[in-house]
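Asks: Just so it is clear: in the sequence shown, position 397 is 396 by numbering that gives the first Met the number 0, and no numbers are missing.
Got a structure for you, questions after.
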Amino acid sequence: MKIHIRGGRVIDPASGLDAVQDLYIAEGRIAGLGKRPEGFRPEHEIDASNLVICPGLIDLAVRLREPGYEHIATLESEMNAAVAGGVTSLACLPDTDPPLDEPGLVEMLKHRARNLNQARVYPLGALTQGLRGERLTEMAELTEAGCIAFTQADAPLVDTAVLMSALQYASTFDYRVWLRPQEHFLGRGGVAHDGQVATRLGLAGIPVSAETIAIATILHLMRDTDARVHFCRISSAAGLAMLREARAQGLKVTCDLSIHHLHLSEMDIGYYDSNCHLVPPLRSQRDRDALRAGLSDGTIDALCSDHTPVDEDAKQLPFAESDAGATGLELLLPLTLKWGEESAIPLAAALARITCEPARILGIQAGRLSVGGDADLCVFDPDSYWRIDAQSLRSMGKNTPFFKWELRGQVHYTLVEGQVVYALGR
């Protein structure tokens, strides 16, 4: 289909383009930017006056809950949530049941995702068989099946010999390893940041050292193996400082931050608000401020939603017994805009953290607008406010710490490969 998108503010963080102009789509690709291609006759037109047209968002941390947890969410429901949030590409974690540790499971997931014709799915393969932290998976076969990197998700990897073997193997064959750093024994049994709020509420704490010790271990092994590691969902100022220093020393380090830790701190737990039961835990206000600064100066490469649909009954339990996690796919854009506004970050620079930067980490040709490139687009109103409640979320997971917040930035259209997969109000 040929589509003419008229009069929008076209922002491409990768190239620095920021101008009000038209955009033309043909055969799933961008056929023209500003200048109408010769002989172009659109079959469909979209009026984007007062709207922003940017690359489709890319989310680095999404749990689709299939296979194994369909009672919590389905592939269809979460893919609908993705495109409603302007997300056109997402990396899904392997902590399903069974975990994504066999090629057949990965192929089935990709096949089902393609048939839904929504966002593009990039599976992260399990780093160890069954995520048990004992034996490495067949990374070559999983890569051939479609995995773009390997991770333990939140499962512990206690045996450092296994971790070193994984990094050696990944380095040899240029596979990417994604790790959320947490020392298992220090974090065991904890449900909140080991600080004044956890003490007041009588909750078991997870100290910052659980993160920094794990980062130190991984960095030491990286120096020995020359592996490249993506650090997922950094939560502390101390951890961020270690990654900043490692990058200055030339280690192949990238890292991301969740939208929850960008805006919230341990104080938001209030009186046992289980919506704030997250992994890693919400840290101190000083940590949050350092993370915001790290995102601004580029030490933190990308933002992610850390989308984790949770069963409603599992969130109704007392804080320490409730399941950790929150929905986030549909909040990635407005919470990024909120950070950009509060930090006086130009709109294009803020959008870079959820478009071209995560694309670079994933190693995919996405997250940018260029003639001849895939027409994966997000068209949104930057000035429209909407209220977060259960009815406004398409995800089956209705749990978020941002309930009742009014956020700016509403998606009007999402296009994947030139097809309109979401339109506001339909």
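C-beta atoms are modelled at their ideal positions from N, C-alpha and C, and glycine is treated no differently.
Given a threshold of 16 other Cβ atoms within 10 Å of its Cβ, counted over all protein chains shown, does Asp373 qualify as buried or as exposed?
Replies: The residue is buried, with at least 16 neighbouring Cβ atoms inside 10 Å.
Asks: Enumerate in chain order the residues of its own chain whose CB-to-CB distance from Glu65 is below 6 Å, with the five nearest sequence positions on each side excluded.
Replies: Excluding residues within five positions, the ones whose Cβ falls inside 6 Å are Leu74.
Asks: For Ala154, count the other beta carbons within 10 Å of its own beta carbon; 16 or more makes it buried, fewer makes it exposed. Which is it?
Replies: Buried, by the Cβ-count rule.
Asks: Measuring only the C-alpha atoms, how far is Tyr23 from His260?
Replies: Each residue's alpha carbon lies about 38 Å from the other.
Asks: Our contact map puts Arg352 next to Thr335 with C-beta atoms below 8 Å; I'd like the distance itself, whole angstroms only.
Replies: About 6 Å; that satisfies the 8 Å criterion.
Asks: Give the straight-line distance between the Cα atoms of Thr399 and Ala81, rounded to the nearest whole angstrom.
Replies: The straight-line gap from Cα to Cα measures roughly 15 Å.
Asks: What residue range does the alpha helix (DSSP H) around Ser164 cover?
Replies: Thr159 to Phe172 is the extent of the alpha helix (DSSP H) around Ser164.
Asks: Helix, strand or coil, according to DSSP, for Ser208 in the structure here?
Replies: Three-state DSSP puts Ser208 in a helix.
Asks: For my contact list, Pro446 and Gln181 are in at a C-beta cut-off of 8 Å; report their separation, rounded to the angstrom.
Replies: As shown, the chain starts at 0 and ends at 425. That puts residue 446 outside it, with no answer to give.
Asks: Do you know offhand how far Met107's Cα is from Gly124's?
Replies: Going from the Cα of Met107 to the Cα of Gly124 covers about 13 Å.
Asks: Within the same chain, show all residues whose beta-carbon is closer than 8 Å to that of Leu220, passing over the 5 residues directly before and after it, in chain order.
Replies: Within the same chain, Leu220 has close Cβ partners Thr159, Leu162, Met163, Leu166 and Ala226.
Asks: Rounded to whole angstroms, how far is the Cβ of Val207 from the Cβ of Ser235, which I believe are closer than 8 Å?
Replies: With 8 Å as the limit, Val207 and Ser235 qualify as a contact, their Cβ atoms being about 5 Å apart.
Asks: Among residues of its own chain, excluding the 5 on either side of Gly293, which ones have a beta-carbon nearer than 7 Å to its beta-carbon?
Replies: Cβ neighbours of Gly293 beyond the five flanking positions: Leu239 and Ile299.
Asks: Taking all protein chains shown into account, decide if Thr171 is buried (16 or more other Cβ within 10 angstroms of its Cβ) or exposed.
Replies: Classification of Thr171: exposed, given that the 10 Å Cβ count is below 16.
Asks: Going by other Cβ atoms of all chains shown within 10 Å of its Cβ, with 16 needed for buried, is Ser48 buried or exposed?
Replies: Ser48 is exposed by the Cβ-count criterion.
Asks: Select from Arg407, Arg131, Ile45 and Asp94 the residue whose C-alpha is nearest the C-alpha of Ala422.
Replies: If we check each option's Cα against that of Ala422, Ile45 comes out closest.
Asks: Assuming contact is defined by CB atoms lying nearer than 8 Å, are Leu32 and Val51 in contact in what I supplied?
Replies: The answer is no: Cβ separation not under 8 Å.
Asks: What alpha helix (DSSP H) runs, 4 residues minimum, are completely inside the stretch 327 to 352?
Replies: Correct list: 331 to 341 and 346 to 351.
Asks: Just confirm the distance between the C-beta atoms of Gly84 and Leu328, as a whole number of angstroms; I'd bet it's less than 8 Å.
Replies: About 5 Å; that satisfies the 8 Å criterion.
Asks: Would you mind working out which of Gly189, Leu256 and Ala148 sits nearest Ala289, comparing C-alpha positions?
Replies: Nearest of Gly189, Leu256 and Ala148 to Ala289, Cα basis: Leu256.
Asks: Run through DSSP, which three-state label would Gly38 get?
Replies: Three-state DSSP puts Gly38 in coil, outside helix and strand.
Asks: Using the DSSP secondary-structure output, state which residues sit across from Tyr412 in a beta bridge.
Replies: Tyr412 is bridged to Val378 and Ala422.
Asks: For Ser391, which three-state DSSP category applies?
Replies: Here Ser391 sits in helix by DSSP.
Asks: So, with DSSP's three-state summary, where would you put Leu135?
Replies: Here Leu135 sits in strand by DSSP.
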